[in-house]
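Trainee:
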Amino acid sequence: MADFVREVMTPGVVAVRPDASLVEAAQLMRAQGTGGVLVVGHHRVIGVLTDRDIALRAVADGADPLTVSAEAVCTRDPVVIGPEEAVSAAAKLMRDHAVRRLPVVEDGRPVGMVSLGDLAVAADPGPRSAPMYAHDRWQGPRTTPED
Numbered sequence: 047m048a049d050f051v052r053e054v055m056t057p058g059v060v061a062v063r064p065d066a067s068l069v070e071a072a073q074l075m076r077a078q079g080t081g082g083v084l085v086v087g088h089h090r091v092i093g094v095l096t097d098r099d100i101a102l103r104a105v106a107d108g109a110d111p112l113t114v115s116a117e118a119v120c121t122r123d124p125v126v127i128g129p130e131e132a133v134s135a136a137a138k139l140m141r142d143h144a145v146r147r148l149p150v151v152e153d154g155r156p157v158g159m160v161s162l163g164d165l166a167v168a169a170d171p172g173p174r175s176a177p178m179y180a181h182d183r184w185q186g187p188r189t190t191p192e193d
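This is how it looks when you write it as structure tokens:
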């Protein structure tokens, strides 16, 4: 198993500006194949915005995702971790703060993201024998044969 966050994190920053619309953020998530992005201003993490945040904090309340900003919906001032921290410290922070993602920050600037999924893969890096996500096993609608 990996010892340090830098060994399991997703390097690079998938981020939106604070004034980006929720539609822009969702389109970036789709393009990058991720469920969350950082909200970054002046090279500093302002918050974390997830697909769940968009659905539950905006769309479910009838807010217009074209006009609502990422900053308005994101989880502000998120707990962060450094790349040289122990993987066990990341797991503890996620557990203690009930979060699934941690921005990885070095010298105050974001350098990546570590997710609960990253920790799971690090703990059991064997071949993926079972679907990890529902869309991996979706076979389309089931129909019954006509008599």
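Residue 47 is where the sequence shown starts when you use the numbering used here, and the numbers rise one by one after that. Built from N, CA and C at the ideal position, the CB exists for glycine as well. All values reported here derive from a predicted model rather than from experimental measurement.
1. For Pro64, which residues from the same chain have a beta carbon less than 7 Å from its beta carbon, with the 5 sequence-adjacent residues on both sides left out?
2. Using the three-state DSSP reduction, which class does Val83 fall into: helix, strand or coil?
3. Mapping the DSSP letters down to three states, classify Glu70 as helix, strand or coil.
4. Can you give the Cα-Cα distance for Arg141 and Gly108, rounded to whole angstroms?
5. Quick check on Asp182: does DSSP put it in helix, strand or coil?
6. The alpha helix (DSSP H) with Ile100 in it runs from where to where?
7. Taking only three categories from DSSP, how would you classify Ala109?
8. Which class does Arg155 belong to by DSSP, given the choice of helix, strand or coil?
9. For Asp164, collect the residues of the same chain with a Cβ closer than 6 Å to its Cβ; drop the 5 residues on either side in sequence, then sort them by chain order.
10. Quick test of your reading: Val95 and Val59, contact by CB under 8 Å. State the CB separation rounded to the nearest angstrom.
Mentor: Answer, in terms of the structure:
1. Val85, Gly87, Ile92, Ser115, Ala116 and Glu117
2. strand
3. helix
4. Roughly 31 Å between the two C-alpha positions.
5. Confidence at Asp182 is low in this model, with a pLDDT of 47, below 50, so its placement is unreliable and no value can be given for it.
6. Asp97 to Arg103
7. coil
8. In the structure shown, Arg155 sits in a strand (DSSP, three-state: E or B).
9. Val54
10. Position check: residue 95 holds Leu in this sequence, whereas Val was assumed. Contact doesn't hold; Cβ gap of about 13 Å is too wide.
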